[in-house]
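Visitor: Let me begin by handing over the structure; questions about it come next.
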Ligand code: ADP
Ligand code: F6P
């Protein structure tokens with residue numbers, strides 16, 4: 012923390028996201044502390060905001076009174092208060108039990124509840140009001156993700172002078188799925204309050220434009236949507252990571268030493284297969300475990316030579332869907348270990364824990380095969396982190412066709428995770444690949460990432476939104 016600008020200071024760039032980059036937490040001694048928030052949004056936005064004198068409006072992760080604005084890691088943070096009922100209705104309900112599953116192809120049944128919609132509306136209004144207060148005249152305001160889809164429309168009414176951008180970090184669904192939403196018109200009108208709406212994948216951009224035409228009779232021409240209250244541009248901006256920072260981590264001697272140590276601690280297996288995900292039903296963790304278990308049972312992978320490490324970062328733990336997923340995953344892990352493990356020799360190391368960037372980088376360095384098998388994912392930054400970490404060009408990335416990252420990391424071992432036989436074959440092939448084959452695939456992916464890092468993503472979006480400090484990249 013530290014002293015920030017005086018009260019009443021207004022910013023030329025204001026970012027809004029449900030979460031701040033840090034969550035209020037309690038350390039093992041019972042002291043209050045701040046901890047990095049999980050997820051791809053924070054990974055991407057954190058380095059961008061560190062390099063700019065903007066403000067970040069978001070929730071501090073706990074119900075009840077919000078702390079005063081403060082500085083953290085060079086970023087000015089403005090916490091937003093949520094009551095316990097609002098955490099229930101806005102965050103856990105409408106955001107994570109209705110919109111999240113629906114936008115991810117309804118891989119889990121979305122739940123609809125009118126009380127949640129009320130909470131979603133009023134919390135969105137609180138965010139919009141906070142931005143209206145903090146933004147300088149003509150400022151850029153950048154709204155993020157599915158929790159805040161009403162904010163652009165609300166903010167447009169409060170402050171018509173602002174340039175308002177919205178970026179969706181998750182997939183945007185096709186017309187027939189979106190139309191299930193009781194709030195569909197409100198959400199479309201909310202999003203169309205933006206000057207620019209950005210998506211991870213061209214599919215999302217197309218779906219959005221079609222919906223504007225279908226629901227609101229908007230006219231489409233040359234990447235812009237003409238609608239009842241103005242003109243909104245819609246475009247694709249695939250998000251990325253701080254590639255240089257990730258590569259830097261990968262070359263640090265303590266992290267390389269830790270990677271060697273991890274392999275030794277796991278009994279120096281010939282093949283280490285790694286999964287790193289929030290424990291979320293979109294991530295295909297069960298499918299991956301089932302495939303691995305069958306490969307061991309079929310004798311196609313040797314339990315004496317193969318180890319899987321699955322990091323499952325705790326997420327949204329109060330929601331039923333997440334609790335039952337956890338039970339299913341933990342049952343599957345025990346079943347595999349029960350059948351194939353030996354004394355002191357697990358087949359699956361399941362870690363329902365949180366790790367810092369350094370330990371994750373060491374895991375990426377230690378892993379021969381990185382299994383990224385979501386049923387649906389906006390992008391998946393873990394896949395990009397793995398590729399960026401492998402500075403010597405070795406390692407095998409198995410990647411679901413249904414991750415946004417598949418549009419860019421085209422040389423990965425691509426798979427449809429719903430096809431169990433294909434998933435087994437692909438994991439087995441990736442595990443058997445020699446170094447020449449690994450490099451042949453890894454090098455083009457690495458050079459793609461060096462070009463398309465998170466700075467370029469932000470500059471492309473902010474440049475199109477009209478930021479004088481972000482010339483549009485060539
Ligand atoms: P999602 O946004 O759905 O969680 P992504 O794969 O896009 O999925 O992003 C996950 C991000 O979270 C990665 O950058 C990963 O390094 C990071 N991460 C993983 N574990 C933790 C953790 N314990 N705390 C904070 N961030 C984490
Ligand atoms: O886009 C993925 C995302 O939903 C982010 O918006 C979010 O910060 C992250 O995953 C983690 O989820 P949560 O904030 O619910 O813990």
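In full-length UniProt numbering, the protein residues as written are 12 to 485. Using N, Cα and C, we set each Cβ at its ideal position, and we do this for glycine too. Values in this document were obtained by computation on a predicted structure and should not be read as measured data.
Buried or exposed for residue 79, going by 16 or more other Cβ atoms inside 10 Å?
Guide: exposed
Visitor: State the Cα-Cα distance for the pair residue 118 and residue 15, rounded to the nearest angstrom.
Guide: Using only the alpha carbons, I get a separation of about 44 Å.
Visitor: Hey, would you say the C-beta of residue 335 is under 8 Å away from at least one heavy atom of the ligand ADP?
Guide: no
Visitor: Going by other Cβ atoms of all chains shown within 10 Å of its Cβ, with 16 needed for buried, is residue 473 buried or exposed?
Guide: buried
Visitor: With 16 as the cutoff for other CB atoms within 10 Å, does residue 20 come out buried or exposed?
Guide: exposed
Visitor: Give the single residue among 179, 413, 177 whose Cα lies nearest to the Cα of residue 9.
Guide: Because the chain spans 12 through 485 in this model, residue 9 falls outside it and cannot be assessed.
Visitor: Would you mind sorting residue 478 into buried or exposed? The rule is 16 or more other CB atoms within 10 Å of its CB.
Guide: buried
Visitor: Between the alpha carbons of residue 278 and residue 391, how many angstroms are there, rounded?
Guide: Between residue 278 and residue 391, the alpha-carbon positions lie close to 30 Å from each other.
Visitor: In whole angstroms, what is the alpha-carbon distance linking residue 159 and residue 233?
Guide: So the alpha carbons of these two residues sit roughly 26 Å apart.
Visitor: Excluding sequence positions up to five away, which residues of its chain have a Cβ less than 8 Å from the Cβ of residue 357?
Guide: 318, 348
Visitor: What do you get for residue 276, buried or exposed, if any count of 16 or more other CB atoms within 10 angstroms of its CB means buried?
Guide: exposed
Visitor: Leaving aside the five residues before and after residue 122 along the sequence, list all residues of the same chain whose C-beta is less than 7 Å from its C-beta, in chain order.
Guide: 108, 109
Visitor: How should residue 400 be labelled, buried or exposed, when 16 other C-beta atoms within 10 angstroms of its C-beta is the threshold for buried?
Guide: buried
Visitor: Which word fits residue 435, buried or exposed, when buried means at least 16 other C-beta atoms lie within 10 angstroms of its C-beta?
Guide: buried
Visitor: Which same chain residues end up closer than 6 Å to residue 90 when comparing Cβ atoms and leaving out the 5 residues on each side of it in sequence?
Guide: Excluding positions up to five away in sequence, the list reads 71, 77, 78.
Visitor: Comparing alpha-carbon positions, which option in 187, 322, 51, 200 lies nearest residue 132?
Guide: 200
Visitor: Counting C-beta neighbours from all protein chains within 10 Å, is the total for residue 387 16 or more, i.e. buried, or is it exposed?
Guide: buried
Visitor: Counting beta carbon pairs with one atom in the region 126-142 and one in the region 449-456, are three or more of them shorter than 8 Å?
Guide: no
Visitor: Using C-beta distances below 8 Å, list every residue in its chain close to residue 343, excluding the 5 sequence neighbours before and after it, in chain order.
Guide: 297, 300, 301, 304
Visitor: How should residue 241 be labelled, buried or exposed, when 16 other C-beta atoms within 10 angstroms of its C-beta is the threshold for buried?
Guide: exposed
Visitor: DSSP three-state call for residue 16: helix, strand or coil?
Guide: In this structure, DSSP gives residue 16 a state outside helix and strand, which the three-state scheme calls coil.
Visitor: Among all the DSSP beta bridges, which residues are the ones paired with residue 294?
Guide: Residue pairing from DSSP leaves residue 294 without any beta-bridge partner.
Visitor: Can you check DSSP and say which residues form a bridge with residue 44?
Guide: 36
Visitor: Please list the terminal residues of the continuous alpha helix (DSSP H) segment that includes residue 431.
Guide: 431-443
Visitor: For a test of the three-state rule: what should DSSP assign to residue 79, helix, strand or coil?
Guide: coil
Visitor: DSSP puts residue 208 in a beta bridge; with which residues?
Guide: 177, 245
Visitor: On the DSSP letters alone, give me the boundaries of the alpha helix (DSSP H) that residue 456 sits inside.
Guide: Taken as a continuous stretch (DSSP letters only), the alpha helix (DSSP H) holding residue 456 covers 446-462.
Visitor: Can you give me the Cβ contacts of residue 225 inside the same chain, cut-off strictly under 7 Å, excluding the 5 residues immediately before and after it?
Guide: 186
Visitor: On the three-state DSSP scale, how would you describe residue 99?
Guide: helix
Visitor: Have a look at residue 250 and residue 464 and give me their C-alpha separation to the nearest angstrom.
Guide: 8 Å
Visitor: Taking the alpha-carbon of residue 25 as reference, which of 231, 256, 176, 111 has the nearest alpha-carbon?
Guide: 176
Visitor: Assuming residue 441 contacts residue 424 (C-beta within less than 8 Å), just tell me the rounded distance between them.
Guide: 5 Å
Visitor: Given the structure, does residue 156 come close to the ligand F6P, in the sense that its CB is under 8 Å from one of the ligand's heavy atoms?
Guide: Residue 156 Cβ: within cutoff of the ligand F6P.
Visitor: May I ask whether a heavy atom of the ligand F6P can be found less than 8 Å away from the beta carbon of residue 47?
Guide: no
Visitor: Taking its Cβ as the centre, do 16 or more other Cβ atoms sit within 10 Å of residue 395, making it buried, or is it exposed?
Guide: buried
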